[in-house]
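**Student:**
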Amino acid sequence: MRFRHLISIEDLSRDDILHILRKAERFEDVARGLKKLKVLEGKILANLFFEPSTRTRMSFETAMKRLGGEVINMTAQEASSIAKGETLADTVRVISKYVDVIVIRHPLEGSARFASEHSEVPVINAGDGAGQHPTQTLLDLYTIMKECGRIEGLKIALMGDLKYSRTVHSLIKALNMFNNEIYLISPEGLRLPEEFLEEVKAEEVNLNDVIEEIDVLYVTRIQKERFPDEEEYRKVAGSYRITAKTLERAKDNLIVMHPLPRVDEIDVDVDKTKHAKYFDQAFYGVPVRMAILHEVLI
Amino acid sequence: MRFRHLISIEDLSRDDILHILRKAERFEDVARGLKKLKVLEGKILANLFFEPSTRTRMSFETAMKRLGGEVINMTAQEASSIAKGETLADTVRVISKYVDVIVIRHPLEGSARFASEHSEVPVINAGDGAGQHPTQTLLDLYTIMKECGRIEGLKIALMGDLKYSRTVHSLIKALNMFNNEIYLISPEGLRLPEEFLEEVKAEEVNLNDVIEEIDVLYVTRIQKERFPDEEEYRKVAGSYRITAKTLERAKDNLIVMHPLPRVDEIDVDVDKTKHAKYFDQAFYGVPVRMAILHEVLI
Amino acid sequence: MRFRHLISIEDLSRDDILHILRKAERFEDVARGLKKLKVLEGKILANLFFEPSTRTRMSFETAMKRLGGEVINMTAQEASSIAKGETLADTVRVISKYVDVIVIRHPLEGSARFASEHSEVPVINAGDGAGQHPTQTLLDLYTIMKECGRIEGLKIALMGDLKYSRTVHSLIKALNMFNNEIYLISPEGLRLPEEFLEEVKAEEVNLNDVIEEIDVLYVTRIQKERFPDEEEYRKVAGSYRITAKTLERAKDNLIVMHPLPRVDEIDVDVDKTKHAKYFDQAFYGVPVRMAILHEVLI
Chain A
21 MRFRHLISIE DLSRDDILHI LRKAERFEDV ARGLKKLKVL EGKILANLFF EPSTRTRMSF
81 ETAMKRLGGE VINMTAQEAS SIAKGETLAD TVRVISKYVD VIVIRHPLEG SARFASEHSE
141 VPVINAGDGA GQHPTQTLLD LYTIMKECGR IEGLKIALMG DLKYSRTVHS LIKALNMFNN
201 EIYLISPEGL RLPEEFLEEV KAEEVNLNDV IEEIDVLYVT RIQKERFPDE EEYRKVAGSY
261 RITAKTLERA KDNLIVMHPL PRVDEIDVDV DKTKHAKYFD QAFYGVPVRM AILHEVLI
Chain B
21 MRFRHLISIE DLSRDDILHI LRKAERFEDV ARGLKKLKVL EGKILANLFF EPSTRTRMSF
81 ETAMKRLGGE VINMTAQEAS SIAKGETLAD TVRVISKYVD VIVIRHPLEG SARFASEHSE
141 VPVINAGDGA GQHPTQTLLD LYTIMKECGR IEGLKIALMG DLKYSRTVHS LIKALNMFNN
201 EIYLISPEGL RLPEEFLEEV KAEEVNLNDV IEEIDVLYVT RIQKERFPDE EEYRKVAGSY
261 RITAKTLERA KDNLIVMHPL PRVDEIDVDV DKTKHAKYFD QAFYGVPVRM AILHEVLI
Chain C
21 MRFRHLISIE DLSRDDILHI LRKAERFEDV ARGLKKLKVL EGKILANLFF EPSTRTRMSF
81 ETAMKRLGGE VINMTAQEAS SIAKGETLAD TVRVISKYVD VIVIRHPLEG SARFASEHSE
141 VPVINAGDGA GQHPTQTLLD LYTIMKECGR IEGLKIALMG DLKYSRTVHS LIKALNMFNN
201 EIYLISPEGL RLPEEFLEEV KAEEVNLNDV IEEIDVLYVT RIQKERFPDE EEYRKVAGSY
261 RITAKTLERA KDNLIVMHPL PRVDEIDVDV DKTKHAKYFD QAFYGVPVRM AILHEVLI
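Residue numbers (my numbering), protein chains in the order written: chain A, 21 to 318; chain B, 21 to 318; chain C, 21 to 318.
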């Protein structure tokens, strides 16, 4: 076993990441329902979601069930009832006595690591507030690998809220391990924090200047809550919005990604272009999570 | 495959309906837990219920599991979180990447059809507001077939709210395809809308005048919200209420049906009579949904 | 089959209890995931929880799944929607048409018995208000059997709220069937009700006077709501609190139990002592519930 828990993408080496991506590839036919495999039969996963995240929860549930395993979900009402009556340590201690693996999502940074310290079984972090969401990063890398044929030597633009987006921060670190050229496209006030720029090589650009060269355009949501003024938000959001027209000068094989849900940042007219890969990206979460579950359980 | 999606009972031909009812009959022993069949092993159903409907959701879940399939439920909290953050089209696009069939219930008419247009897998309508609820109609027909021995040439009385009841509207159309004689028993103000009477042959009667002749008495709930005045509601509801006494002059093999939940429209003293078939009717939802799932998945 | 439904611990004979405990022991390796057994394959359990109880629900779900069975959960939203629209009798009548066994938790005393009278399948009481919670009592006995080697001739102290605690009342009755010496440690106002003292032999003591002799210390929560005054609560709760220091003079093999969740009544410094068995106790719920499900289903 390469790792017992999966809490942060930074716990993984370059080699660990490649190992998971290759394993995910082997599971892809099973994820698509084309082949049956019951390698996790008799194993039980507990989904402990202390805040809702439909896509992530359902994708873990699908991954587990496609491999023959079982899933127990904590309900929202149970989560809030627990939050009132018991420490997270006690909850995890007990539930780890029942099941074989715990997937946790929690609004507080650090809670997944904390949970892993009190669990008798592997813990997978499905997002802990401003903290980490390593399975998202792995499925992003897998999408790039499948759609671009490699995860090295690519020109990748990250666009939108680069300041607060957990998804972007983890992805930049991972992309950097694989020698990609990274472009940043963000409004003033939502730029990538300085500390990242010390670690990773990336430059701030205008989309128009790089659209003909880039292989990947990774779009994230700009959240209204970040702006003191609605008018200001609308102006910014409007100019960080992708349409089919935006992509006219793009390379044939440019792919557009988005962690979803999207609001307005990608126009629906992009959906029908050959560039749109955000729904496939959501699907790729299934084989990647199958690989991770297989890794910690077998 | 006779149909890819099941959105409206009107999408089905007379022959399609008979095909499903016969298939349901073959699954009945499995539905009763008397036989095991794993014909849907490895398949996954997603229940997307944007409003609660315990009976329908549980009956689909039972149907899928009795055939060896798996079920993923969206929680109420997830539904409301999605409703705020994403279009129905995007939700369906993503979830149809995970699973093999989607069952949707939604408060807005037309939403099931809309969902099917964005899904990569079959969509089954489990009720869309004032729209359709085709599996309810099929289980109603199945109940009549099993309890009366046929679904043709019967005298069938529909009683209660005939104006707003989606269940009644779909059932009338289906019964009409099979040459039944239809009687309508409803208070003024809750009569069957004119447009139906142009399509189907049915006459308004008093229960007392037909009780000795009818084979089926299908009762539906009269909802308080339909009346501007509580006093008026009570008067009407009181006179559209079935008791054991009401049925004294009925034929021996008259069956009483109800889509449930009932409130006061059928007295509990009817439960013990040989006429009461509304709980069996709920059970018959299982083999009928098994047949539908089998039809779209295999 | 020794019993069809499991509503109250008092429905079971001494012999029935021993039979379940022995059966649980045979399932323990399966509960730990060390062995696979699909003896309940094809069977479906419905969890009808009208109030949240994560531990109990998840433990039943684990038990059923470890034996190859399936589980259908009613959601909290469905529960409240049912509560508004339908009698419990009708709900149980319908759901017992779908599944093979019902586990019910309900805030009203007597509701589990009532449900069993309207069900076509076995009903297991998972707590009905001030009423019974028989599977908790059985797992408490099982914990004692496993950790003390026997359930007879022990010195057992029950501490905390002995007046209102349903858990304590059922446990005392069961322990009494097996000739144990029972000590009671409770604040004034939360003493064991008189009627129990007529049935069972037990004496009120101070913990300090018996700590060197007892084999089991069963701690329960003292609830703030029982006190008219917060200051009074704090004083009482503070003096009914176990720490590692409290246990210094205890026998080597004293076990400390707690039905969980705990708040402050057991300090976390006890967790690391050899005496702490409350998390194991939670685990033991799984084999015990497996035994009960097997008993009513096979």
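C-beta atoms are modelled at their ideal positions from N, C-alpha and C, and glycine is treated no differently.
1. Please check if any C-beta of chain B sits within less than 7 Å of the C-beta of Gly130 (chain A).
2. So, under 8 Å CB-CB, Ala264 (chain C) and Ile242 (chain C) are touching, yes? Tell me the CB distance rounded to an integer number of Å.
3. Let me know the secondary structure DSSP gives Phe23 (chain C) once reduced to three states.
4. Tell me the residue span of the alpha helix (DSSP H) that contains Asn196 (chain A).
5. Which runs of the beta strand (DSSP E) fall wholly inside the segment 88 to 121 of chain B and span at least 3 residues, in chain order?
6. Buried or exposed: Ser259 (chain B), going by 16 or more other Cβ atoms within 10 Å of its Cβ?
7. Can you list, in chain order, the residues of the segment 34 to 55 of chain C whose Cβ is nearer than 8 Å to any Cβ on chain D?
8. Of the residues that make up the segment 292 to 316 of chain C, which ones have a beta carbon closer than 8 Å to any beta carbon in chain A?
9. Can you give, in chain order, each stretch of the beta strand (DSSP E) that sits fully within the segment 130 to 167 of chain A and has at least 3 residues?
10. If distances are taken between C-alpha atoms only, which option among B:Pro72, B:Arg254 and B:Asp300 comes closest to Ala146 (chain B)?
11. Along the alpha helix (DSSP H) that carries Leu68 (chain C), what are the first and last residues, could you check?
12. Give the residues of chain A in contact with Arg75 (chain C), contact being defined as C-beta atoms less than 7 Å apart.
13. Could you say which of B:Ile64, B:Lys55, B:Ile40 and B:Lys104 lies nearest to Phe70 (chain B) if we only look at CA atoms?
14. Looking at chain C, is there any beta carbon in it that lies within less than 7 Å of the beta carbon of Glu81 (chain A)?
15. Does the Cβ-Cβ distance between Phe23 (chain A) and Lys117 (chain B) come in under 7 Å?
16. Are the C-beta atoms of Gly89 (chain C) and some chain B residue less than 7 Å apart?
17. If you drop the 5 nearest sequence neighbours on each side, which residues of the same chain put their C-beta closer than 6 Å to that of Ala270 (chain C)?
18. Terminal residues of the continuous alpha helix (DSSP H) containing Lys15 (chain B)?
19. Over what stretch of residues does the beta strand (DSSP E) that includes Lys294 (chain C) continue unbroken?
20. Could you list the residues in the segment 204 to 217 of chain A with a C-beta less than 8 Å from some C-beta on chain B, going in chain order?
21. Ends of the alpha helix (DSSP H) at Thr222 (chain A)?
22. For Arg34 (chain C), tell me which candidate among C:Val50, C:Ser136, C:Ile171 and C:Thr111 has the shortest Cα-Cα distance.
23. Just the chain B side, please: which residues come within less than 8 Å of Arg282 (chain A) by C-beta, in chain order?
24. Take the Cβ of Ile2 (chain A) as the centre, count every other Cβ of all protein chains shown within 10 Å, and call the residue buried at 16 or more, exposed below.
25. Since Leu174 (chain B) and Val236 (chain B) are thought to touch, with beta carbons under 8 Å apart, how far apart are those beta carbons, to the nearest angstrom?
26. Does the beta carbon of Lys85 (chain C) come closer than 7 Å to any beta carbon on chain A?
27. Could one say the Cβ of Ile92 (chain A) lies closer than 7 Å to chain C's Cβ atoms, at least one of them?
28. Thinking C-alpha only, which one of A:Thr76, A:Arg86, A:Ala83 and A:Lys63 is nearest Glu81 (chain C)?
29. Looking at the C-beta of Pro72 (chain C), does it have a partner C-beta in chain A at a distance below 7 Å?
30. So Lys117 (chain C) contacts chain B; which residues on that side make the cut at Cβ distance below 7 Å?
31. Would you check if the distance between the CB atom of Thr107 (chain B) and the CB atom of Arg309 (chain B) is smaller than 7 Å?
32. Output the boundary residues of the beta strand (DSSP E) element that contains Val230 (chain B).
33. Please state the DSSP three-state secondary structure of Val320 (chain C).
34. Could you pull out every residue in the same chain whose Cβ sits closer than 6 Å to the Cβ of Lys43 (chain A), ignoring the five residues on either side in sequence?
35. Measure the Cβ-Cβ separation of Leu159 (chain C) and Asp181 (chain C) and say whether it is below 7 Å.
36. Between which two residues does the alpha helix (DSSP H) harbouring Tyr260 (chain A) extend?
**Tutor:** Quick answer:
1. Taking the first residue of the first sequence as position 1, residue 130 (chain A) is located at position 110. Answer no: the Cβ-Cβ gap between Gly130 (chain A) and chain B never drops below 7 Å.
2. In the third sequence, counting from the first residue as 1, residue 264 (chain C) sits at position 244. In the third sequence, counting from the first residue as 1, residue 242 (chain C) sits at position 222. Incorrect: roughly 20 Å between the Cβ atoms, too far for contact.
3. Position 3 of the third sequence holds residue 23 (chain C). In this structure, Phe23 (chain C) counts as coil in the three-state DSSP scheme.
4. Position 176 of the first sequence, counting from 1, holds the residue named residue 196 (chain A). Note, Asn196 (chain A): alpha helix (DSSP H), Arg186 to Met197.
5. 90 to 93
6. What you label residue 259 (chain B) is simply residue 239 of the second sequence in a count that begins at 1. The residue is exposed, with fewer than 16 neighbouring Cβ atoms inside 10 Å.
7. In the displayed structure, chain D is absent; the protein chains listed are A, B and C.
8. Residues passing the 8 Å Cβ filter: Phe299, Asp300, Ala302, Phe303 and Val306.
9. Inside the segment 130 to 167 of chain A, DSSP marks whole beta strand (DSSP E) runs of 3 or more residues at positions 143 to 148, from first to last along the chain.
10. Against the second sequence, residue 146 (chain B) aligns to sequence position 126. Of the candidates B:Pro72, B:Arg254 and B:Asp300, the one whose C-alpha sits nearest the C-alpha of Ala146 (chain B) is B:Pro72.
11. For the purposes of this step, residue 68 (chain C) is taken as residue 48 along the third sequence, with counting starting at 1. First-last for Leu68 (chain C): Ile64 to Phe69, but that is the beta strand (DSSP E), not the alpha helix (DSSP H).
12. Start at 1 with the first residue of the third sequence, and residue 75 (chain C) comes out as number 55. The answer, in chain order, is Val114.
13. Along the second sequence, read from residue 1 onward, the residue named residue 70 (chain B) stands at position 50. The shortest CA-to-CA distance from Phe70 (chain B) to any of B:Ile64, B:Lys55, B:Ile40 and B:Lys104 is the one to B:Lys104.
14. Along the first sequence, read from residue 1 onward, the residue named residue 81 (chain A) stands at position 61. Chain C, which has no Cβ nearer than 7 Å to the Cβ of Glu81 (chain A), makes this no.
15. Within the first sequence, residue 23 (chain A) is the residue found at index 3, counting from 1. Within the second sequence, residue 117 (chain B) is the residue found at index 97, counting from 1. Contact: no.
16. Within the third sequence, the letter at position 69 stands for residue 89 (chain C). It does not: the Cβ of Gly89 (chain C) has no partner Cβ on chain B nearer than 7 Å.
17. Position 250 of the third sequence holds residue 270 (chain C). Closer than 6 Å at the Cβ level, and outside the excluded window around Ala270 (chain C), lie Ile231.
18. In the structure displayed, chain B extends from 21 to 318; residue 15 (chain B) sits before or after that span and is not available.
19. For this step, residue 294 (chain C) is matched to residue 274 along the third sequence. No beta strand (DSSP E) holds Lys294 (chain C); DSSP gives it neither H nor E.
20. none
21. By one-based count along the first sequence, residue 222 (chain A) stands at place 202. A quick correction: the sequence has Ala, not Thr, at residue 222 (chain A). Run containing Ala222 (chain A): none in the alpha helix (DSSP H); it sits in the beta strand (DSSP E), Ala222 to Glu224.
22. As a first step, residue 34 (chain C) must be located in the third sequence, where it is residue number 14. Of all alpha-carbon atoms in C:Val50, C:Ser136, C:Ile171 and C:Thr111, the one lying nearest the alpha-carbon of Arg34 (chain C) is that of C:Ile171.
23. As a working note, residue 282 (chain A) is residue 262 in the first sequence. Here the neighbours are Glu106 and Asp110.
24. Coverage of chain A is limited to positions 21 through 318, which leaves residue 2 (chain A) absent and any answer about it impossible.
25. Here residue 174 (chain B) corresponds to residue number 154 of the second sequence, with the count starting at 1. Here residue 236 (chain B) corresponds to residue number 216 of the second sequence, with the count starting at 1. That pair is a contact at about 6 Å.
26. Looking up residue 85 (chain C) in the third sequence gives position 65. So, interface residue.
27. Taking the first residue of the first sequence as 1, we reach residue 92 (chain A) at position 72. Judged by the 7 Å Cβ criterion, Ile92 (chain A) is in contact with chain C.
28. Reading the third sequence from its first residue, position 61 is the one you call residue 81 (chain C). Selected option, being the one with the closest Cα: A:Lys63.
29. Residue 72 (chain C) sits at position 52 when you count from the first residue of the third sequence. Cβ-Cβ to chain A under 7 Å: yes for Pro72 (chain C).
30. Along the third sequence, one-based indexing puts residue 117 (chain C) at 97. By Cβ distance, chain B contributes Phe299, Ala302 and Phe303.
31. For the purposes of this step, residue 107 (chain B) is taken as the residue at position 87 of the second sequence. For the purposes of this step, residue 309 (chain B) is taken as the residue at position 289 of the second sequence. No, the Cβ-Cβ distance between Thr107 (chain B) and Arg309 (chain B) is not below 7 Å.
32. Start at 1 with the first residue of the second sequence, and residue 230 (chain B) comes out as number 210. First-last for Val230 (chain B): Leu227 to Val230, but that is the alpha helix (DSSP H), not the beta strand (DSSP E).
33. The structure shown does not extend to residue 320 (chain C), since chain C is modelled only from 21 through 318, so no value can be given for it.
34. Walking along the first sequence from the start, residue 43 (chain A) turns up at place 23. The residues are Ala311.
35. Looking up residue 159 (chain C) in the third sequence gives position 139. Looking up residue 181 (chain C) in the third sequence gives position 161. In this structure, Asp181 (chain C) does not lie closer than 7 Å to Leu159 (chain C) by Cβ.
36. Along the first sequence, read from residue 1 onward, the residue named residue 260 (chain A) stands at position 240. No alpha helix (DSSP H) contains Tyr260 (chain A), which DSSP labels as neither H nor E.
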